[in-house]
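For reference, the structure is listed below as structure tokens.
Structure follows, in structure tokens:
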């Protein structure tokens, strides 16, 4: 499957720091299963990738730095061969009770945001190790 690739899950993420390991493991499996359905059996990409993770919520939220690791681990070996291919990572969270502006959402993401007030959106794109934008 060519990049970019996106995935949305209509729920809250489980933190890497979750006290109950089984919750984190179940979350990783849920992410992996959802990604497997959208990836459609293609081989993992072998190039450098950039991940953007956005958590839209309307109540309570884990610390933003604890969101990516379970997702990165779930996609390893499926979307990309190894997590050392991930050279760019952005993770953000947005409280939908505030005036959040979502610019240029894909129809896929827009559909999820219309159906749920809690959505974890993951975008995987080809990355270049020759460019740094500030």
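Residue numbers (the working numbering): 2 to 135. C-beta atoms are modelled at their ideal positions from N, C-alpha and C, and glycine is treated no differently.
Length of the line joining the Cα atoms of residue 124 and residue 84: If I take the Cα positions, the gap works out to 15 angstroms.
7 angstroms Cβ shell around residue 93 - same chain, five flanking residues per side excluded: Within its own chain, the residues whose Cβ lies closer than 7 angstroms to the Cβ of residue 93, once the five positions on either side in sequence are excluded, are 55, 65, listed in chain order.
Under the three-state DSSP convention, the category residue 68 falls into: Coil.
Among 87, 15, 11, 3, nearest to residue 111 - alpha-carbon criterion: Of 87, 15, 11, 3, the residue nearest in Cα terms is 11.
Counted within 10 angstroms of its Cβ, other Cβ atoms place residue 17 as buried (16 or more) or exposed: By the neighbour-count criterion, in which a residue is buried when 16 or more other Cβ atoms sit within 10 angstroms of its Cβ, residue 17 is buried.
Backbone CA spacing between residue 67 and residue 102 [nearest angstrom]: Here the C-alpha atom of residue 67 lies approximately 24 angstroms from the C-alpha atom of residue 102.
Backbone secondary structure at residue 53 - three-state DSSP: In the three-state reduction of the DSSP assignment, residue 53 falls in the strand class.
Burial state of residue 81 (16 or more Cβ within 10 Å): Residue 81 comes out buried.
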